[in-house]
Amino acid sequence: MCPNLKDKEKELNTQISFITKDLISIYADTIFSLSKKIKLDKMKKEIDKAVTELKTEMNNNFNGKNFQRISETANNILHRSEEINYLKGKYQSLSILGSACFNICDYEKAQKYYLRSISIAEQMKDNKKIAWGLNNIGIIFFTLEDYKKALIYYEKALELKLNTKYNGSIATTLSNIGLAYNMINQPDKALEYFKKSLDLNEESNNKPALCRELNNIGLAWQKKGEHVKALDFFDRSYKISIKEKNKKRTATALIYIANQHLKQNDSEIALKKAIEGEKLSITLHSNMHLLHFYDVIHKVYKISSQCDKAYEYLEKFMTLKEIVYKEDLQNKIFDMQIKYESEKKEKEAELFRTKNAELSEINSAKDKFFKIIHHDLLNPFTAISSTSEFLYKYYDKLDESKKRNHIKKIHSSSEKLLKLIDNLFSWVKAQSGEIEFKPEVIDLQDIVENNLQLLANNIIAKEIETESKYSKNRLVYADSNMTDTVIRNIIANAIKFTHHEGKIDISVRKHRGMIHLKIEDNGVGIKKSRLARLFKISESVSTPGTDNEKGTGLGLILVKEFMDLNKGIIDVKSTPGKGTVFTLKFITA
1379 MCPNLKDKEK ELNTQISFIT KDLISIYADT IFSLSKKIKL DKMKKEIDKA VTELKTEMNN
1439 NFNGKNFQRI SETANNILHR SEEINYLKGK YQSLSILGSA CFNICDYEKA QKYYLRSISI
1499 AEQMKDNKKI AWGLNNIGII FFTLEDYKKA LIYYEKALEL KLNTKYNGSI ATTLSNIGLA
1559 YNMINQPDKA LEYFKKSLDL NEESNNKPAL CRELNNIGLA WQKKGEHVKA LDFFDRSYKI
1619 SIKEKNKKRT ATALIYIANQ HLKQNDSEIA LKKAIEGEKL SITLHSNMHL LHFYDVIHKV
1679 YKISSQCDKA YEYLEKFMTL KEIVYKEDLQ NKIFDMQIKY ESEKKEKEAE LFRTKNAELS
1739 EINSAKDKFF KIIHHDLLNP FTAISSTSEF LYKYYDKLDE SKKRNHIKKI HSSSEKLLKL
1799 IDNLFSWVKA QSGEIEFKPE VIDLQDIVEN NLQLLANNII AKEIETESKY SKNRLVYADS
1859 NMTDTVIRNI IANAIKFTHH EGKIDISVRK HRGMIHLKIE DNGVGIKKSR LARLFKISES
1919 VSTPGTDNEK GTGLGLILVK EFMDLNKGII DVKSTPGKGT VFTLKFITA
């Protein structure tokens, strides 16, 4: 082979080598890109699946108990979406977090999440998602009764929705705008938007939404003083709901119809519709609907001077109102607790980073405060409110014994409330370190005997035998006022849980360098499971006594706080059915 040919062959082999290397590199890059894309697609599908499952749980089973887990899962989805810059995942997780916070009334956080979701939707250039977020922020302001701000967000949402051609969503926003205008006393503007919403719902044949809008139009006419027109729209809503067999919508329409007839002095029709609504609400187990009907029925009977019937339905109304009020307050308190738990978790994470030990004590104090409010303030306030309202309305129609009975209820609730506030004030002072601590030499016999005299009426009423034994060693070094509160609470508890003709033994003696005050009863006793939780505020709930005596739920908490402040010790031994022994151990004088 000639030299030139050899050189050309060598050159050709070199070129083939370079081309082969390039091809291998391109192939490897392609394989890597495909592998990366497959992995990315798999992660996106996993995120989408997690979002779908979380949305289903939110819609079907959201409650305060699973809020924390739902928000943690949504945050996890958000972080995973941010790692791969998956806009859809980020938007959906932020929307879920916004809805979860809204459901527990944490409107500030809900708004922040919705605003962040809108920012992501803008990056996605998805007007439908932007409008959804704007509408939700409008709902937040409407809930907070800032109707003018609500209108700003509703109208922005409407502007974007009009380009989507999705009539159901447009109709909802039109309805929201109408409600806001009605709330700021612009019923003409409200009617304008309600009618537009009505037209769209008729076009899409959305019967539940039709019922809603007809009622809204009726309310706007009612605000204008056009009662005949208002009644016409309420009736139309009622007829559609009957035809569609939508009992809840029927009950709602009946509330408006019954009240409208009452306003027009059509007592007979008002009563007929209210009784129909009453029966329907009972089948629906809807206390809120039932409350409205009881109110109308008792007012009709009162107008027609049927006092017995009026009295019967007023009692039903007041009893149910108390239940609904209690449920509503409990839900609000529960929402506050859940909101607080969420904030506490965030603060605990910060605590871990900053090692700020005092924060956990603050959190514990807040927990205690929520528990006290929930269990102890609710009942006396409700009893005073409902009983005094009943007396005010029916005072002239009640006989003297019933009047005295109701006044006694108010007095009893007031005393319980005053005692609770006094205990609560003492507890708050103890927690904040503001309580004045003045230890001195005191004689336990004096304090015990003073409290036995103070509680003599309770002891006599239950025919309880008391026996006191005092040794010579009975002087202790403690704060007099705190010791008085401690001993009074323990003796009162012994009386409360001792049966008629029972016995309470009190003794004072010196033992192992401390003065022991023992208060022993032969009452109902305490279960072992409750003994361990006796002095925990998070577990403290007042238990009725043997004569159904009511407590505040704070007594033993104060006892523990005050004994700790005095460097004392409290021991409890109990056998259910046989009785309880409290031993208070004080520093010797």
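Quick note: the sequence shown, position 70, residue 1448 per the working numbering, numbers continuous. No residue lacks a Cβ here, since even glycine has one placed at the ideal position from N, Cα and C. Since the model is a prediction, treat every value here as computed from it, not as a measurement.
Kindly indicate which residue of Glu1646, Asp1613, Tyr1691, Glu1700 has the alpha-carbon position closest to the one of threonine 1630.
The residue given as residue 1630 occupies position 252 in the sequence shown. Comparing Cα positions, the closest option is Asp1613.
Classify proline 1565 as buried or exposed, calling it buried when 16 or more other Cβ atoms lie within 10 Å of its own Cβ.
In the sequence shown, counting from the first residue as 1, residue 1565 sits at position 187. Under this definition proline 1565 is a buried residue.
Can you name the start and end residues of the alpha helix (DSSP H) that histidine 1605 belongs to?
Numbered from its first residue, the sequence shown carries residue 1605 at position 227. Per DSSP, histidine 1605 belongs to the alpha helix (DSSP H) from 1605 to 1622.
When you compare each of Tyr1492, Leu1493, Ile1508 to alanine 1499 by their alpha carbons, which one comes out closest?
Translated into the one-based positions of the sequence shown, residue 1499 becomes position 121. Checking every option, the nearest Cα to that of alanine 1499 belongs to Ile1508.
Thinking C-alpha only, which one of Asp1673, Thr1966, Ile1868 is nearest isoleucine 1882?
In the sequence shown, the residue the question calls residue 1882 occupies position 504. With distances taken between Cα atoms, isoleucine 1882 lies closest to Ile1868.
By the three-class DSSP mapping on this structure, what secondary structure does alanine 1856 have?
Within the sequence shown, numbered from 1, the residue matching residue 1856 stands at position 478. Here alanine 1856 sits in strand by DSSP.
Which two residues bound the contiguous beta strand (DSSP E) that contains valine 1902?
On the sequence shown, position 524 is the one that residue 1902 refers to. Counting along the chain, valine 1902 falls outside any beta strand (DSSP E), and DSSP gives it neither H nor E.
Exposed or buried, which one is arginine 1890 when buried takes at least 16 other CB atoms within 10 Å?
As a first step, residue 1890 must be located in the sequence shown, where it is residue number 512. Arginine 1890 comes out exposed.
What is the DSSP secondary structure of histidine 1457, counted as helix, strand or coil?
Against the sequence shown, residue 1457 aligns to sequence position 79. Of the three classes helix, strand and coil, the one that applies to histidine 1457 here is helix, per DSSP.
Counting only the same chain and skipping the five closest in sequence on each side, list residues whose C-beta sits under 6 Å from that of isoleucine 1496.
As a position in the sequence shown, residue 1496 is number 118, starting the count at 1. Contacts found: Ile1508, Gly1511.
Could you have a look at leucine 1833 and say whether DSSP puts it in helix, strand or coil?
Residue 1833 sits at position 455 when you count from the first residue of the sequence shown. Reduced to three states, the DSSP call for leucine 1833 is coil.
Please say whether leucine 1456 and methionine 1502 have beta carbons closer to each other than 7 Å?
To locate residue 1502, count along the sequence shown from 1; it is residue 124. To locate residue 1456, count along the sequence shown from 1; it is residue 78. No, the pair does not count as a contact, with Cβ atoms beyond the cut-off.
Buried or exposed: histidine 1670, going by 16 or more other Cβ atoms within 10 Å of its Cβ?
On the sequence shown, position 292 is the one that residue 1670 refers to. When all chains shown are included, histidine 1670 counts as buried.
Apart from the five residues just before and just after serine 1615, which ones in its own chain have a Cβ nearer than 6 Å to its Cβ?
Along the sequence shown, read from residue 1 onward, the residue named residue 1615 stands at position 237. Cβ neighbours of serine 1615 beyond the five flanking positions: Cys1589, Leu1592, Asn1593, Ala1631.
Using the rule of at least 16 other Cβ atoms within 10 Å of the residue's Cβ for burial, across every protein chain shown, is lysine 1945 buried or exposed?
As a position in the sequence shown, residue 1945 is number 567, starting the count at 1. Lysine 1945 counts as exposed, since fewer than 16 other beta carbons sit within 10 angstroms of its beta carbon.
Decide if lysine 1956 is buried, meaning its Cβ has at least 16 other Cβ atoms within 10 Å, or exposed.
For the purposes of this step, residue 1956 is taken as residue 578 along the sequence shown, with counting starting at 1. Classification for lysine 1956: exposed.
Nearest to serine 1449 by CA position, among Phe1480, Asp1426, Asn1463, Glu1460, is which residue?
Looking up residue 1449 in the sequence shown gives position 71. Closest option to serine 1449, Cα to Cα, is Phe1480.
By DSSP's criteria, lysine 1951 is part of a beta bridge. Which residues make up the other side?
What you label residue 1951 is simply residue 573 of the sequence shown in a count that begins at 1. DSSP, once it has assigned bridges, lists Val1959 as partnering lysine 1951.
Return the bridge partner residues of aspartate 1883 from the DSSP annotation.
As a first step, residue 1883 must be located in the sequence shown, where it is residue number 505. Its beta-bridge partners are Glu1845, Glu1898.
Using C-beta distances below 7 Å, list every residue in its chain close to isoleucine 1518, excluding the 5 sequence neighbours before and after it, in chain order.
Walking along the sequence shown from the start, residue 1518 turns up at place 140. Cβ within range, chain order: Phe1480, Tyr1485, Ala1488, Gln1489.
If I'm right that proline 1922 touches aspartate 1857 with Cβ under 8 Å, what's the distance once you round it to whole angstroms?
Translated into positions along the sequence shown, residue 1922 becomes position 544. Translated into positions along the sequence shown, residue 1857 becomes position 479. Between aspartate 1857 and proline 1922 the Cβ distance is about 31 Å, and since that is not below 8 Å, they are no contact.
Go to glutamate 1500, then tell me how far its beta strand (DSSP E) extends in each direction, as first and last residue.
Against the sequence shown, residue 1500 aligns to sequence position 122. First-last for glutamate 1500: 1485 to 1502, but that is the alpha helix (DSSP H), not the beta strand (DSSP E).
Under 8 Å: do the region 1760 to 1769 and the region 1779 to 1792 share three or more Cβ pairs, one atom per stretch?
yes
Determine whether the beta carbon atoms of tyrosine 1848 and glutamine 1823 lie at a separation below 7 Å.
As a position in the sequence shown, residue 1848 is number 470, starting the count at 1. As a position in the sequence shown, residue 1823 is number 445, starting the count at 1. Against a cut-off of 7 Å, the Cβ pair of glutamine 1823 and tyrosine 1848 comes out as a contact.
Quick one: is isoleucine 1416 buried, meaning 16 or more other Cβ sit within 10 Å of its Cβ, or exposed?
The sequence position of residue 1416 within the sequence shown is 38, counting from 1. Burial call: exposed.
Quick check on DSSP: helix, strand or coil for phenylalanine 1964?
Mapped onto the sequence shown, residue 1964 falls at position 586. Note: phenylalanine 1964 maps to strand in three-state DSSP.
Start and end of the alpha helix (DSSP H) containing aspartate 1577?
Looking up residue 1577 in the sequence shown gives position 199. Per DSSP, aspartate 1577 belongs to the alpha helix (DSSP H) from 1565 to 1582.
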